[in-house]
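Working notes for the structure below.
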Amino acid sequence: MPHHPISKSRVTGIILAGGKSRRFGSDKSLFEFNGKKLIEYSIATLQPLCGQILLSTNEPEKYAFTGLSAVPDLFPGCGPVAGIHACLEQSKTEHHLVIGCDLPWLNTRLFEFILQKSTDYQVVMPMHKGFKETMASYYHQTCFPDLAKALTEKRYKIFDAIALLKTYYPEIDQEEFYSEKLFTNINFREDIEEG
């Protein structure tokens, strides 16, 4: 694996496991896909790059088996922005890689690429075919006040919350690690069966 410029000890991973799985019918992060729980794919993807991984969830007992530190929202019920905000508040590092819990085809090379692009930016979100991927991204610790302000002002959408931050959207369609399936998330049980 190519060398990444920011040492592991300076990077915290954030897994967003707090989403309501209405369409899926049960907690999809704990659903098994090819012999592994979906959340275990997220852990395995971030582990090579992160000295610590925080788990954004309001149900820590469900994830005790992971051994990760569970972080409850300070603004419960306000979506991913609240999860990222709470984890930044708990983090001891300046660099953060954020991943969703239902994206089993994401790979470490993508996050290495995002980390490499983070110099001089507060947020990095990969873009492909014009679509910005919020569930595979980078946040610098300096984002914390803006996210707190957004939550206080009830701006719960990610793009509203990061509007004033220095953000970079690198195109990844031509990168060697890219594939059509990379960002496919699992929202329905049929997605598992088709995998």
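Under this note's numbering, the first residue of the sequence shown is numbered 100, with each subsequent residue one higher. Positions of the beta carbon are idealized from the N, C-alpha and C atoms, including for glycine. Here the structure is a predicted model, which is why all the values come from computation and not from measurement.
Counting only the same chain and skipping the five closest in sequence on each side, list residues whose C-beta sits under 6 Å from that of S106.
none
Between F276 and L250, what straight-line distance do the alpha-carbon atoms span, to the nearest angstrom?
34 Å
Would you decide whether S108 is buried or exposed? Buried here means 16 or more other CB atoms lie within 10 Å of its CB.
exposed
For Q240 and L205, I'd like the C-alpha separation in whole angstroms.
23 Å
Let me check understanding here. Comparing Cα to Cα, which of I198, I183 and Q151 lies closest to S141?
I198
Near L281, what residues of its chain come up, given a Cβ to Cβ distance below 6 Å and the 5 sequence neighbours on each side ignored?
W204
Helix or strand or just coil, what does DSSP make of L202?
coil
Verify the CB distance criterion: does L173 have a CB-CB separation below 8 Å to chain D?
The chain labelled as chain D is not found in the depicted structure, where only one protein chain is given.
Tell me whether A262 sits in a helix, a strand or coil according to DSSP, three-state version.
coil
Using three-state DSSP, classify E131 as helix, strand or coil.
strand
Hey, out of F230, E158 and T218, whose CA is closest to L167's CA?
Comparing Cα-Cα distances from L167 to each of F230, E158 and T218, the minimum goes to E158.
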